[in-house]
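Enquirer: The structure that follows is given in the form of C-alpha cells.
Protein chains in written order, with my numbering: chain A, 1 to 311; chain B, 1001 to 1311; chain C, 2001 to 2311; chain D, 3001 to 3311; chain E, 4001 to 4311; chain F, 5001 to 5311.
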C-alpha cells in the first residue's frame, strides 16, 4: 500500500475512535436505545404532495383526472396517504416517547396513529374549503395575479398555506414532530415560517412571503393580508426555576379580521391588532392597537392608505 | 378483514364521497374541462438549467466542452430546449385560454408557441451579454468575491438574474404563466423575488439577496446595486367597480442608473429614485428623490456614504 | 422536411453561430483552457449529508446504527467522505489556479487536497462538540422547542450551523470555492447566509433564521442569539487605484458573548457590540455599543427587555 | 487547446460529416419524415407491470390493497393504463402508417387507438381467468413448486404467459408493433419467445422455459406442457416473385390438448401433434403424429413415459 | 365532458366491477387476509449485490477499498445485509405461513428470521472459498479466458454460481421463497437455472451457460464442467391419490467428480454419471453410466475426446 | 442494547474478522494494489446505447432529430462517447496491466486509450453499413417481420449484432476486457453469446437467437442465417506443460457464404461448412462439409429443404 494511503487510514482509524467513544455523546445523546427509526422526510414530503393533488385536482399530480375517474383516483391516493401518515405519525409518537424515556410504546403508538390518521382524513373537505377562500384572497389581493389558477399553481402563499393547514390539523390532533417537519419544509421552499400551532381563519394572503414569521400562539382572523418580512413574534418569555423557558404560554399577537400588515413590520407579544387596522412597513410594534388604526413608521410623513392598498 | 381495516375503509369511502361531490368545487373549479395538462415544473426547470449551461459554458452542464466541440454541444442543447419550450409554452397558452373559457385552441396555440420559441432562442446572445455585465458588477461590488468565476458559480445574484433574464424575455413575448413559474423557482432557491415583468438594465447586482422583492412594473437602470431585504413594491392599487384590483397599471418604482439601496429598505409606488442616489438600510420611502440624494433612517446620525460603500 | 422545421433549424444554426463566436466570450471567458471539471454540487452535497449523519448518528442517514455497529458505519462513511472531499478540494484548487492562469497544477493540487482532507477529518470531533452546544442553545432559547431531538431534526439554525461549521473548517485550511459552495447550499435551504470566513463560538442560536446575513470578517462570541432578518454587514469598503474593492480587510461587526439581536436589525462595519447587550428589532446601527447596552428603534417607546426575552 | 484535443475534434468533425451524409442512409432510411416518436419501451413496460398488479393483486404492485380499497386501486390503475396504452398504440399505428408512407394519420390513429384500448381493457377479466388456470397447471406440473403463490411470484412460465396473454389480445385487435415489443421484453427476461400471434388455450405450463420458441401461427390446446428449449417453428416458407418471404401463412405446428413435449425437441411446419401425445427430449419432428403417440429420439431405448412424467 | 371520455369511464367502471367481484377470485385467491407484504425483489437484489461486493472486494461495489479500510467497509455492509435479509426472510416465512393458513406468525417469524440471518452471515467465508475455486475452474476451463479477474468480472458462470451458493445456504437454513427468488434473478440474467436445493461441490464451471437447467435434488461432485443447454432434470414423478405430484423425492441426476457434459445434453432421472465420464453434445440419457464412460450421440462417428477437451 | 442486538453484533464482528484476514485472499487476490477502479458497467452500457442512437437515428435515443439538427446531435453524442470510452478503455488497459503486475501504467494507458477511441470512432460509418445489411437480412429471412423498422426496433438479432460489431471493432484494436463486457451485456439481454473475437461478414441473421454461441475464432461469411440454440464451438483444446489451456489458437468453425443452420445444431472444432450448405436442427457435427451439403439428424427421414426454407 502506498505510504499516502497508509497515512489516510491511520487518520481515519484515529477519528473513528474519537467519534465513537462514549464521552463524545455526553452532551447530545446518540439515538441507539430505541429501534424505531426517525420519521422520514421523503415519505412526509410525498404525503404532502399527494394531499396537494387531492385538494387541487388537475393542478398537481395526475393531470388527466376527470369527473368519472376522480373517485378512483381520490380513493387510491387517500388509501396510500392514510398508510404513509399512520406509519410516520407512529414514528413521531415513538420519538416523543423516547425523549421522555418511555421505551415500550410501539404497539400503543401504532393504534393511536391509525385513529389520528382517520380523523385527519376526515378533515380534508374542510381544509379544501379554507384553501379555496385563500385562493380568492390571493387573486383579489394582488394586481399582478392574472387568474385564480395562476395563484394555485405558482404562488408561495398558497403553497405555504396548504402545508400549514395540513400541519395545523395534525397539530390539533396532538401529533408530535410531524407538523413541525411539514411547516419547515414549506419554510425552506418559500421562506415563510408559520408555526403549525398558529390559528389562521379563511381568506388569508401573504404576498411574496419571504421572511414572514408567524409564532406558535398567534390567532389570525378572516381576510388578513401580510407582506414579506412581517414578524408576528413573542416579546419575552418567562424562565422556570432552572432557567429554561416556560413552554406553551400565549405569547404571540392576535390579529383581527381585515387587517393589512406591510413588509418588514415586527409585532411582538400577546397584543391585539384591532379589526381593519393597517400596519405600515418596517414598523416595530409591541402594544395593542384599536380597530381601524393606521400605524406608520414615525419618521416619515406618508400619504393616506386606503383599504385595498397594496405592494 | 380485521375490524380496524374495515373502519379505515369506511372513513376513506366517506371522504372520497365528500371530496368528489360537485359542491366541493363551487369555489375553485376543478380542471377537468380541458385535456391539455398543466405546464411541467420539471421540464421547465430542465430547460432553464440547459440554458444556464449554454450561457456559461464550462461552468454548468458538460464540463469538457472545448472550442471545437462547443458548436455541436450548443446546437444539440438548443434543439432540445426549443422543443421543450415549445411544448411548455403551448401548455401555458392553453391554460390561459381555458381560464378565459376558450376551449378549442390547441393547434393555434401550438403554432404560436413555436414562433415564440424561435424568437426567444434568437434573444440568447443578448441575454449572455447582459449576464456578463452582471458578473462583473458582482465581482466589483463585493469585496468577498475572489474571482469572476466564483460569482458565476456560487452567487445567488447571478443565479436569480439568469432566471429573471430568461423569464423576462418570455414575458416580453407575451407567454403566460411560464415566466412566473421560472422566477418563482428562482425565488424558492434564492429568496429573491423578481417579477418577470420588471425591466432591469445591465450591471445589476444583489448582494446576499434573501427577501428582495422587485415588482411587475419596476424599471431599473444601469449599474444598480441592492442588498438583501429590499422591497421595490406598489403602495396602493385602485379597485374596479366590482372591488377587484385594476391590473397592469404602472405602480412600482423607477430606479435610475448607479443607485445603491441598502438592506431592508422599502420603496413603494411609482416614484423615481434619481441617478446615483444612495438609500440607507431599513428606510421606508414612498416619494421620489432627486439624483445624488442620500436617504437614511431618520433616527440615527450616520457617517457619510461614499460611492462604492457596501455591506 | 416541413417548412416550419426548416425555419426552426435555420434559427438554431444562426444562434449556434452567434453563441460560439469568439466575440461572445470577450467579457466572461469560456472555461476551455483547462481540463479539470468544476467541483460537483451533487458530490459536495452528498459529502455534507454524510458528515451530518456522522455528527448526529441515528438522526440522519442510517437509522439503525447501534453501539457495536457504529465504528463500522463511521469508518466506512469517513473513508468515502475522505475520497469525495479530496477530489472536490482538488477541483476547487485547480479552479483557483486557473483563475490565476496557473495551468499545470493538477498533481500538486491532488497532493495538497489529500493533506487538507486528512486535517479536516481530524477536526470532526471538535465540530461535534460545538454543534452539541448549539443544540442546547436552540432548546433553551425557544419556548416552542419540545425536545433536544426536535431541534437537531427540524431547526434551520442547526442545519445551517452544521454546514457553516464544516465550511469554516475548510476555509481555515485555505480551500478555495468549496466552503462558499457549502454555505450557499445552506443559504438556499434555510435563507441563512453565513460567510464561511466568519468566526462563531459555541452555543449560537438563530431563531427562524430567514434573511440572516453574517459577513466574512465577523467575530461572534459565546451564547449569542439572533432572530430572522439580522444583518451583520460591512458599511463601506475602500477601492484600490483601479476602482476594485480591496479584498480581505476586517469590515464586519464583532459581537461579544451573550448578546441578543432581534429581527430585522442591521449592524454595519467593524463595530463592537459589547457583551450581554440587547439590540432591538429593525434597528440600524453603525457604531459600537458598550457592554450591557439596550438599543431600540428611536421612534417607539418600548417596554423593558429582560435577559431571556425572545420572539 | 492541447494538440491531442485538436486531434480528437478533427476526428469527430470528420465522422459527423460521414455519418450525416445522405448516402449513409441509402439502405436503412433515417426516421425524419414523421414527427410521431417511436413507442416508448419504458411506458409499455410500465403498463405491463401495472396490468400484472391488477391481475394478481397483492402479489405485485401495492402490497396493502384489501377488499374495500381494491376498487379504488383498480380504477385508478385502469385509468392510467388506458391512457398510457392509447398513446403507445397510437404511436405504433403511426409507425406502421409511416412504413407504408401514409403521413397524415395522426388524428385518425388517435381515435382508433382509444377504441382499441377500451376493447383491450374489457378483455382483462378473461385474461385473469386464463392465467389462473396457468397457475394451477404450474403448481400441478412441477414437484418443486411449494405453493400456488410461489408459482405466481417466481415462475418464468407465469411471467412470460402474463405478457403473452396481454400481447395476444392486442394482436387480435390489430395493434402493430406493441404486441411484439411486449413479448420481446418477456423474451429478454425469461428466454421464452412466444410470438403474440400464437393461440394458446388454458392450463399451459412451460417448466424452466429458457430457449422455448413458439411461432406466429401456432395453435396450442388445453393442458399442454413444454420444457426448456422446445421449438414450435416453421419448416420452410415460400418466396414471392421478388424473393421475399410470403407473410402471414399458417406454417407452425398445431398441438392438441394434454400434450407434453420434453426439453430440446424441435417440431417444424404446419403439422399436428395429436392429443395426449408425449414428445421426447431433443426430438426433431417435421410430420404430424396421431393422438396418444409417444415419440422418442431413435438412438436410445427408453423407459416408458407415463402421463404426469416430468423433468 | 367530451363523449369519448364518458365512454372511456363507463368501460373502466364496468371492468373495475368485474375485476373486483368475488367470483373473480375463486381460482387464485387474492392476498388480502394477511398484512405482511410480499418479499421485495429490489431489496433482495440489493442484498445479493452487496454480498457480491463483499465476496469479491475491489471488483464489485466500492472500487477504492484497501487493506486498512476494508474492515470498516465489510462491517457496515454486513450490518446492512443482516437487517435487509432478516426483514425479507421474515416476509418469506410469513408468506409460507399464510399459504398454510397460519395467520398469527409475525413475531415468531421475526425472531426466527434473525437467527437464520446470523447463521447465514457466518457461512460467508466458506462461500468465498468455494467461489474462489470456481474462479480457477473457469480460468482453466476456457482457453478464451485472459485472466482470473476477467472471469470474476464478466463470466455468467461466476455470476450465476455466486447467486446459487448464497441461495443454497438460505435453502439449507429452510428459508422459504427467498432462495428461489435469488436463483430466478440469476436465471433471468444468465439463462442458467439452478434450483437452490441442488448440491454442487467446488471447482464447478458452466461455459456460456444459456439454457442450463439443474434440478432440485441434483448432486454434483468436484471439478465438473457443463456447457450451454445441458439439462440435469427429472424423468417422471409419481402422483399422489389426488393427482398432485409427490413433492421432495430424489429425482434428478448424481454427477460425480471430474465429469464433463457438452452442450445440449439432456440427462434425466435419479441416475449416476460415474466419475471422469464425458457426455457428448445433444445426448439424451436416462440411465446411469459407469465411471470413465464416453457417451456420444449415436448417429455420428466422432473423434476421441481427451480430458481437457472443450468447446 | 437488547440481547439480540448484542448477539447480532458479535456475529458480525466475528465474520468481519474472518473475511478480512489475509488467508482469505490466498486463492483469489483482493484488488487493492492498484488505484484504478474497474471499468464501469453503467458507463459502458451508456456508451453502447448512445452509439445505438447514432447508428439508427430516430429509432433509439432522441426521437425528434431531423436532417438539420442531426449534425449537432451526432457531434455532441460522439464527443461524449469519445470521452466515456477513453476513460473505460484506460481502465480496461490498467486492469490488464495489473493482472500482469505492471503497476505504473496509468499515464501511458491514458494516451493509448485516446488513440484507440479515435480509431474506433472512425470505424462507425463502416459499422452502420454492416448493420444496414443485417437489417435487410432479418426482414428477408423472417416471414413474421412486418417492416424493416420492426426488425431494427424489436429483433434480438439486430440488438446483439449492434453490440457485437461495436465490441469486435474494439477487440481488433486490442482493447482488453471492454469488448467482452459489451458482448456479455448483450448475452444477458438476448441469450445470444458472440465472442467479440469472432469475424462475421455482412447480411447476418439469427432468428429468435436464445442459446446461440459463437466462439472466439469463428469466421462467418456473407448472408448466413442461424436459428436459436446453434453452437459454433471448440471441440478440444491442447493444454500446456502446466495443464493450462493454450490460449488464442484457431479452434472454432469457418462458416462460408449463404449457409443456413437450424435450431439446436452443434458444430465443433476448426471445421469448414461449405458455401450454401444447410445444417438441420439438433445436428452434432465435428467434421467439415462440402459446399451445397444438406446435413440432417440421422434418425429421421426428412422432406427436402429448399433454399429460403426457415422456421
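Glycine included, each C-beta is placed from N, C-alpha and C at the ideal position.
Owing to the predicted nature of the structure, the values given are computational and were not obtained by experimental measurement.
Going by C-alpha distance, which of B:1216, B:1081 and B:1295 is nearest residue 1200 of chain B?
Expert: Along the second chain, one-based indexing puts residue 1200 of chain B at 200. Answer by Cα proximity: B:1216.
Enquirer: Just checking, does the stretch 5236-5244 of chain F make contact with the stretch 5194-5211 of chain F on the three C-beta pairs under 8 Å criterion?
Expert: Result no; under three Cβ-Cβ pairs closer than 8 Å.
Enquirer: Buried or exposed: residue 21 of chain A, going by 16 or more other Cβ atoms within 10 Å of its Cβ?
Expert: To locate residue 21 of chain A, count along the first chain from 1; it is residue 21. Answer is exposed; the Cβ neighbour count stays below 16.
Enquirer: Leaving aside the five residues before and after residue 2070 of chain C along the sequence, list all residues of the same chain whose C-beta is less than 8 Å from its C-beta, in chain order.
Expert: Locating residue 2070 of chain C in the third chain gives position 70, counting from the first residue. Correct list, in chain order: 2057.
Enquirer: Can you say whether residue 5157 of chain F is buried or exposed, counting buried as having 16 or more other CB atoms within 10 angstroms of its CB?
Expert: Taking the first residue of the sixth chain as 1, we reach residue 5157 of chain F at position 157. By the neighbour-count rule (16 or more Cβ atoms within 10 Å), residue 5157 of chain F is buried.
Enquirer: Of all the options F:5137, F:5136 and F:5237, which has the alpha carbon lying nearest to the alpha carbon of residue 5248 of chain F?
Expert: On the sixth chain, position 248 is the one that residue 5248 of chain F refers to. For residue 5248 of chain F, the nearest C-alpha among the options comes from F:5237.
Enquirer: From which residue to which residue does the beta strand (DSSP E) around residue 3207 of chain D run?
Expert: Looking up residue 3207 of chain D in the fourth chain gives position 207. Per DSSP, residue 3207 of chain D belongs to the beta strand (DSSP E) from 3205-3207.
Enquirer: Checking contacts by CB at 8 Å: is residue 3120 of chain D closer than that to chain A?
Expert: Counting from 1 along the fourth chain, the entry for residue 3120 of chain D is found at position 120. No - not a single Cβ of chain A is within 8 Å of the one on residue 3120 of chain D.
Enquirer: Would residue 4312 of chain E pass as a contact of residue 4256 of chain E if the rule is Cβ separation under 8 Å?
Expert: Absent from the structure is residue 4312 of chain E, since the part of chain E shown begins at 4001 and ends at 4311.
Enquirer: Apply the 10 Å Cβ neighbour rule to residue 235 of chain A and answer buried if 16 or more other Cβ atoms are within range, or exposed otherwise.
Expert: Indexing the first chain from 1 puts residue 235 of chain A at position 235. Buried.
Enquirer: Which residues in chain E sit within 9 Å of residue 3088 of chain D, going by Cβ to Cβ distance?
Expert: Taking the fourth chain and counting its residues from 1, one reaches residue 3088 of chain D at position 88. The contacting residues do not exist; residue 3088 of chain D stays about 16 Å from chain E at best.
Enquirer: Quick one: residues in its chain with C-beta nearer than 8 Å to the C-beta of residue 2171 of chain C, no 5 flanking neighbours on either side, listed in chain order?
Expert: Counting from one through the third chain, the residue named residue 2171 of chain C turns up at place 171. The residues are 2179, 2196 and 2197.
Enquirer: Ignore the nearest five residues each way along the sequence and tell me which others in residue 3305 of chain D's own chain have a CB closer than 7 Å to its CB.
Expert: As a working note, residue 3305 of chain D is residue 305 in the fourth chain. Any reading at residue 3305 of chain D must be qualified, since the residue scores a pLDDT of 34, below 50, and its modelled position is unreliable; the value itself is stated next. Excluding sequence neighbours, residue 3305 of chain D sits near 3278 and 3294.
Enquirer: Would residue 4060 of chain E count as contacting chain C if we go by Cβ distances under 8 Å?
Expert: Against the fifth chain, residue 4060 of chain E aligns to sequence position 60. Not one chain C Cβ lies under 8 Å of residue 4060 of chain E.
Enquirer: Show which residues of chain E have a CB atom less than 9 Å away from the CB atom of residue 5195 of chain F.
Expert: Numbered from its first residue, the sixth chain carries residue 5195 of chain F at position 195. Here the neighbours are 4144.
Enquirer: Kindly indicate if chain B contains any beta-carbon less than 8 Å away from that of residue 5050 of chain F.
Expert: Walking along the sixth chain from the start, residue 5050 of chain F turns up at place 50. It does not; no Cβ of chain B falls within 8 Å.
Enquirer: Is it buried or exposed for residue 5292 of chain F, if we count other Cβ within 10 angstroms and need 16 for buried?
Expert: Taking the sixth chain and counting its residues from 1, the one referred to as residue 5292 of chain F is at position 292. Exposed: under 16 other Cβ atoms inside 10 Å.
Enquirer: If I'm right that residue 3181 of chain D touches residue 5154 of chain F with Cβ under 8 Å, what's the distance once you round it to whole angstroms?
Expert: In the fourth chain, residue 3181 of chain D corresponds to position 181, counting from 1. In the sixth chain, residue 5154 of chain F corresponds to position 154, counting from 1. Between residue 5154 of chain F and residue 3181 of chain D the Cβ distance is about 6 Å, and since that is below 8 Å, they are a contact.
Enquirer: Short of 8 Å Cβ to Cβ, which residues in the stretch 5222-5238 of chain F face chain D?
Expert: Under the 8 Å Cβ criterion, the stretch 5222-5238 of chain F contributes 5227, 5228 and 5229.
Enquirer: Where DSSP assigns a beta bridge to residue 194 of chain A, which residues make up the other side?
Expert: Indexing the first chain from 1 puts residue 194 of chain A at position 194. In DSSP, residue 194 of chain A forms a bridge with A:214.
Enquirer: Here's the rule I'm using: 16 or more other beta-carbon atoms within 10 Å means buried, otherwise exposed. How should residue 1042 of chain B be labelled?
Expert: In the second chain, the residue the question calls residue 1042 of chain B occupies position 42. Flag for residue 1042 of chain B reads exposed.
Enquirer: With a threshold of 8 Å on Cβ separation, who are the neighbours of residue 10 of chain A within its own chain once the five nearest residues in sequence on each side are excluded?
Expert: Within the first chain, the letter at position 10 stands for residue 10 of chain A. No residues qualify anywhere along the chain.
Enquirer: Provide the residue span of the beta strand (DSSP E) that contains residue 2227 of chain C, from first to last.
Expert: For the purposes of this step, residue 2227 of chain C is taken as residue 227 along the third chain, with counting starting at 1. From DSSP, the beta strand (DSSP E) with residue 2227 of chain C extends over 2225-2227.
Enquirer: Can you find a C-beta in chain E that's less than 8 Å from the C-beta of residue 3217 of chain D?
Expert: Here residue 3217 of chain D refers to the residue found at position 217 of the fourth chain. By this cut-off, residue 3217 of chain D is not an interface position.
Enquirer: Which bits of chain B does residue 156 of chain A rub up against, with CB to CB less than 9 Å?
Expert: Here the question's residue 156 of chain A lines up with position 156 in the first chain. The contacting residues are 1184, 1187, 1188 and 1193.
Enquirer: Are the C-beta atoms of residue 2153 of chain C and some chain A residue less than 8 Å apart?
Expert: Mapped onto the third chain, residue 2153 of chain C falls at position 153. Yes, because at least one Cβ of chain A sits closer than 8 Å to the Cβ of residue 2153 of chain C.
Enquirer: What does a CB cutoff of less than 8 Å around residue 147 of chain A pick up in its chain, not counting 5 residues either side in sequence?
Expert: For the purposes of this step, residue 147 of chain A is taken as the residue at position 147 of the first chain. Answer for residue 147 of chain A: 139, listed in chain order.
Enquirer: Among F:5213, F:5227, F:5116 and F:5072, which has the Cα closest to the Cα of residue 3212 of chain D?
Expert: Counting from one through the fourth chain, the residue named residue 3212 of chain D turns up at place 212. Minimum Cα distance to residue 3212 of chain D is reached at F:5227.
Enquirer: Is the shortest distance between the beta-carbon of residue 19 of chain A and the beta-carbons of chain C less than 8 Å?
Expert: By one-based count along the first chain, residue 19 of chain A stands at place 19. True, the Cβ-Cβ gap to chain C drops below 8 Å.
Enquirer: On the DSSP bridge list, what partners appear for residue 4245 of chain E?
Expert: As a first step, residue 4245 of chain E is located in the fifth chain; it is residue number 245 there, counting from the start. Answer is E:4239, bridged to residue 4245 of chain E.
Enquirer: For chain A, check one thing: does any of its Cβ atoms lie closer than 8 Å to the Cβ of residue 2078 of chain C?
Expert: Here residue 2078 of chain C is taken as the residue at index 78 of the third chain, counted from 1. Closer than 8 Å: yes.
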